[in-house]
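Participant:
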Amino acid sequence: MQMGMHTEKLSGKTQQRFFSPSEEENFLYPDGFDVDFNKRAEFDAGPLSAKEINLKLRELMSQGNGTIVMHNPGAKHGVAVGLLQRLNLHIKGSLGYFGCGLIDGPNINISGRVGWSCAENMLSGRVVIEKNAGSTFGAAIRGGDLVCKGDVGARVGIDQKGGTILIGGRAGAFCGFMMQRGRMVILGDAGKNLGDSMYDGTIYVGGKIAGLGVDAVEGEMTDLEVEYLERKLKLYDLQAPNGVKNLTKIVAGKQLWNYDNLEPTEKKIVL
Amino acid sequence: MCGIAGLIHRRKTGDVGTEMTNMLKSLKHRGPDSTGFALYGTPKGNELVLRFKVAEQDEMKKGFDIHQQVKDRRAEVDKRLKELGAKLVKVEEATEYAFRYRIDFGGDRRKLADYIEDIEGAEILSLGLGLELIKDLGDAARVSDQYHLNGFVGTHAIGHTRMATESDVDIRSAHPYWAYPFADVSVVHNGQLTNYWKGRRALEHRGHRFMSNCDSELIAVYLADKMQQGSKLEDAMKDSIHELDGVFTYVVATQDSLGMAKDVMAAKPMVLYESDDFIALASEEVAIRSVFPHEIDTWDPYEGEVRVWKAEGARG
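These protein sequence lines map, in sequence, to chains X and S. All residue numbers for the first sequence refer to this note's numbering, where the first residue is 83 and numbers rise by one. All residue numbers for the second sequence refer to this note's numbering, where the first residue is 344 and numbers rise by one.
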């Protein structure tokens, strides 16, 4: 019943693990490429279209490159999407909309900023953004770690179904809207309607909360959570402003229609 | 969907025509129906720049006598300007149906606008000391080429690429909108206003004119009305966050300022780059990258946020 994980019984290998260059045992999708992390390639994405960039990534992976450095992505949309295998990808610059979407396994570091809907539907892996991120960051992710060291826009982790989202700065309104599983940590301030209509999962906030959404309530921190969060933040060189123990924990109040059989008029009284 | 953009040089002038053209080219995928620019040049004394059209682009392809009608309408504009005491300093034909006049006029600008727009097919696109508002059908490259905007030197600019959703594909529904009758105020908008008709009726009762059925025009007229009542631009924009209903992000420019406002849901995108010398904002970062190819820090303004920047180099 701790950490909002009591219903997080993820099934399938891809949802429970993420790759690490140091991991010995990894696995491949049937059409995945067998890559070597010690084999490295670099390319300039500046003159390429988004489609050409994604094809270039596949070409380099098919040649066995397990570490790829992409230069000058130019905030193009839909870059580095659908990567379904282990890979160390270093993106030197910023991405536009829907960057790193639908990925399962890669370890991606972005030196710049990302636009709306970064890592949407991510299944596993790790995406670290050094600067800021746009709205709908990590929408519907199911696993892995998604980290933004700067500020993010509105609706972070909308429909989040698993995994961990870490934000070093502030976040906008409606974060965790209809969240179902997983963890979200906002070390700065959070906008209004935080956790609106969340079913499950846990949100931790280090700064001020402008307002909670419908059926979002404060929860009590446990030792296990503190230990887990300290470890997780340290991994990405992040710090809670007043210490992990003082993060505000938000969970689902579970008073909405899907948790009971109340009549509409009764629901109004409850809420 | 629509794409909006704005930029301002805070301490000097720059080639805002080319910069805005490049930004809007990058946003073409957000709306190819029409493109508009509001460019702010350096004022020349008290001379006013009058941009107007006497026909829609589509009209020029229809009707055997449209070309003569255009000539007649323009002649009527010239006649009425003289009647009101406006002296024509320089006359330029941007297209067969759109014109740029420099006029010397110290009279009532609203009266002038109303009298000109009383002519069939005539619409004043902008009137101001520094503002030049250009909008037409087609993408940014086409409109910029057609109106020779590359090389336009000024302090700031806003622009729009339109995907028509709730009104026609024509010039009168294209952005930016001039905040009639205020000189030098223009607006571009991305989103939908749900209290458009209610707001429009209220403003029409107060004597304001609407040239289109496009909800975005309401923002320009709303801000004009507020300023007419004595509000400062930033205060009027803050009021708009609560009084305009719907989802919106809009950018507004005056003779010396650039501003942006975002609705309380933060439902429409905006990316912002801010430095001591230069501000650039757009629906997508890719537009800012067209001005700054090197790495820069950008971020999203938040819900309900209003920002205004001033061009210190502009004449106040």
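Ideal Cβ placement from N, Cα and C applies to all residues, glycine included.
1) Hey, A339/S and T498/S: beta-carbon distance below 9 Å or not?
2) Applying the 10 Å Cβ sphere with the 16-neighbour rule, what's the burial state of I247/X?
3) Beta-carbon within less than 6 Å of S217/X's beta-carbon, same chain only, minus the 5 sequence neighbours each way: which residues are those?
4) To which residues does DSSP link S469/S through a beta bridge?
5) Excluding the 5 residues preceding and the 5 following S279/X in the sequence, name in chain order all residues of the same chain whose CB lies nearer than 7 Å to its CB.
6) Below 7 Å between beta carbons is the criterion; list the residues of the stretch 195-220 of chain X that meet it against any residue of chain S, in chain order.
7) For chain X, check one thing: does any of its Cβ atoms lie closer than 9 Å to the Cβ of M570/S?
8) Could you check the C-alpha separation between K355/S and I185/X for me, to the nearest Å?
9) Identify the contact partners of G175/X in chain S, using a Cβ-Cβ distance below 7 Å as the criterion.
10) In the DSSP assignment, what are the bridge partners of N368/X?
11) Could you tell me whether the Cβ atoms of I459/S and F380/S are closer together than 9 Å?
12) Give me the chain X residues within the contact set of T504/S, using Cβ-Cβ distance strictly less than 7 Å, ordered along the chain.
13) Please list, in chain order, the chain S residues whose beta carbon lies closer than 7 Å to that of K233/X.
14) What separation, rounded to the nearest whole angstrom, lies between the Cα atoms of L320/X and A253/X?
15) Could you tell me which residues DSSP pairs with F621/S in its beta bridges?
16) So that I know if they touch, is there some Cβ in chain X lying closer than 9 Å to that of R445/S?
17) Rounded to whole angstroms, what's the CA-CA distance from E106/X to D118/X? Just pull it up for me.
18) I'd like the span of the alpha helix (DSSP H) that includes N120/X, first residue to last.
19) Looking at the unbroken beta strand (DSSP E) that takes in H532/S, where does it start and where does it end?
20) Would you mind telling me which residues of chain X sit closer than 7 Å to E586/S, beta carbon to beta carbon, in chain order?
21) So with CB distances below 7 Å, who are the chain X contacts of R632/S?
22) Return helix, strand or coil for W540/S, following the three-state DSSP convention.
23) What does A447/S pair with, by DSSP beta-bridge criteria?
24) G349/S to K231/X, Cα distance in whole Å?
25) Using 8 Å for Cβ pairs, my map puts I446/S next to L393/S. What's the rounded Cβ distance?
26) Give a yes or no on whether 9 Å exceeds the smallest Cβ distance from A545/S to chain X.
27) Classify Y490/S: buried if its beta carbon has 16 or more other beta carbons within 10 angstroms, exposed otherwise.
28) My assumption, with CB atoms under 8 Å, is that M554/S sits in contact with E466/S. Please give the rounded CB distance.
29) When the Cα of N170/X is compared with those of A272/X, A132/X, N191/X, A127/X, which residue comes out closest?
30) Touch check for the stretch 326-338 of chain X and the stretch 284-294 of chain X: three-plus C-beta pairs under 8 Å?
31) Alpha carbon to alpha carbon, how far is C557/S from E509/S? Give it in angstroms, no decimals.
32) Between which residues of its own chain and A507/S is the CB-CB distance below 7 Å, once the five residues before and five after are set aside?
33) What whole-angstrom Cβ distance do I173/X and S144/X have, given they're in contact under 8 Å?
34) What do you reckon, are the CB atoms on H159/X and D126/X nearer than 9 Å?
35) Given that A236/X touches chain S, what residues does it touch there, using C-beta distances under 9 Å?
Facilitator: Working from what's here:
1) Shown here, chain S extends from 344 to 659; a query on residue 339/S therefore has no answer.
2) One-based indexing of the first sequence puts residue 247/X at position 165. Buried, by the Cβ-count rule.
3) The sequence position of residue 217/X within the first sequence is 135, counting from 1. Counting only Cβ-Cβ distances below 6 Å, and skipping sequence neighbours, we find W198, G235, A236, R237.
4) Walking along the second sequence from the start, residue 469/S turns up at place 126. In the DSSP output, where bridge partners are listed per residue, S469/S has R394/S.
5) Reading the first sequence from its first residue, position 197 is the one you call residue 279/X. Only F259, M260, G295, V296, D297, L338 meet the Cβ criterion.
6) R195, G197, W198, K213, N214, G216, S217
7) Position 227 of the second sequence, counted from the start, is the residue given in the question as residue 570/S. So no, M570/S is outside the interface.
8) Here residue 355/S is taken as the residue at index 12 of the second sequence, counted from 1. Here residue 185/X is taken as the residue at index 103 of the first sequence, counted from 1. For K355/S and I185/X, the distance between alpha carbons rounds to 45 Å.
9) Locating residue 175/X in the first sequence gives position 93, where the first residue counts as 1. Chain S residues near G175/X: E638.
10) Past the boundaries of the shown model lies residue 368/X; chain X is included only from 83 to 353, so the question cannot be answered.
11) Looking up residue 459/S in the second sequence gives position 116. Looking up residue 380/S in the second sequence gives position 37. Going by C-beta atoms, I459/S is not nearer than 9 Å to F380/S.
12) Reading the second sequence from its first residue, position 161 is the one you call residue 504/S. Under the 7 Å cutoff, chain X gives no residues; its nearest Cβ is about 15 Å from T504/S.
13) Taking the first residue of the first sequence as 1, we reach residue 233/X at position 151. Residue identity differs from the one stated: residue 233/X is Asp in this sequence, not Lys. Near D233/X (Cβ distances below 7 Å), the residues of chain S are W642.
14) Taking the first residue of the first sequence as 1, we reach residue 320/X at position 238. Taking the first residue of the first sequence as 1, we reach residue 253/X at position 171. Looking at the two C-alpha atoms, the distance is approximately 16 Å.
15) Residue numbering aside, residue 621/S sits at position 278 when the second sequence is read from its first letter. Note: F621/S sits in a beta bridge opposite H352/S.
16) As a working mapping, residue 445/S is identified with position 102 in the second sequence. No, R445/S does not count as interfacial toward chain X.
17) Taking the first sequence and counting its residues from 1, the one referred to as residue 106/X is at position 24. Taking the first sequence and counting its residues from 1, the one referred to as residue 118/X is at position 36. Low per-residue confidence applies at E106/X: pLDDT is 48, beneath 50, and the placement is therefore not dependable, though the value from the model is reported in the following sentence. Those two C-alpha atoms are separated by around 12 Å.
18) Within the first sequence, the letter at position 38 stands for residue 120/X. N120/X -> not in any alpha helix (DSSP H); beta strand (DSSP E) instead, spanning 118-126.
19) Here residue 532/S refers to the residue found at position 189 when the second sequence is read from its first residue. Here the beta strand (DSSP E) through H532/S covers 529-536.
20) Your numbering for residue 586/S matches position 243 in the second sequence. Going along chain X, no residue has its Cβ under 7 Å from E586/S, so there is no contact; the nearest lies around 19 Å.
21) For the purposes of this step, residue 632/S is taken as residue 289 along the second sequence, with counting starting at 1. Here the neighbours are G156, A157.
22) In the second sequence, the residue the question calls residue 540/S occupies position 197. If DSSP states are grouped into helix, strand and coil, W540/S belongs with the helices.
23) On the second sequence, position 104 is the one that residue 447/S refers to. With the sequence shown as reference, residue 447/S is identified as Asp, and Ala is not the correct amino acid for it. Its beta-bridge partners are K430/S.
24) On the second sequence, residue 349/S is found 6 positions in, with the first residue counted as 1. On the first sequence, residue 231/X is found 149 positions in, with the first residue counted as 1. Their Cα atoms are separated by approximately 27 Å.
25) Sequence index remark: in the second sequence, residue 446/S carries index 103 (1-based). Sequence index remark: in the second sequence, residue 393/S carries index 50 (1-based). That pair is a contact at about 6 Å.
26) Against the second sequence, residue 545/S aligns to sequence position 202. Closer than 9 Å: no.
27) Position 147 of the second sequence, counted from the first residue, corresponds to residue 490/S. So Y490/S ends up on the buried side.
28) For this step, residue 554/S is matched to residue 211 along the second sequence. For this step, residue 466/S is matched to residue 123 along the second sequence. About 6 Å; that satisfies the 8 Å criterion.
29) Residue numbering aside, residue 170/X sits at position 88 when the first sequence is read from its first letter. Answer by Cα proximity: N191/X.
30) yes
31) In the second sequence, residue 509/S corresponds to position 166, counting from 1. In the second sequence, residue 557/S corresponds to position 214, counting from 1. Each residue's Cα considered, the two are about 7 Å apart.
32) Numbered from its first residue, the second sequence carries residue 507/S at position 164. Correct list, in chain order: D376, S516.
33) On the first sequence, residue 173/X is found 91 positions in, with the first residue counted as 1. On the first sequence, residue 144/X is found 62 positions in, with the first residue counted as 1. 19 Å between Cβ atoms; not a contact.
34) Stepping through the first sequence from its first residue, residue 159/X is reached at position 77. Stepping through the first sequence from its first residue, residue 126/X is reached at position 44. Against a cut-off of 9 Å, the Cβ pair of D126/X and H159/X comes out as no contact.
35) Along the first sequence, one-based indexing puts residue 236/X at 154. Within chain S, the residues near A236/X are M608, A609, A610, D643, Y645, E646.
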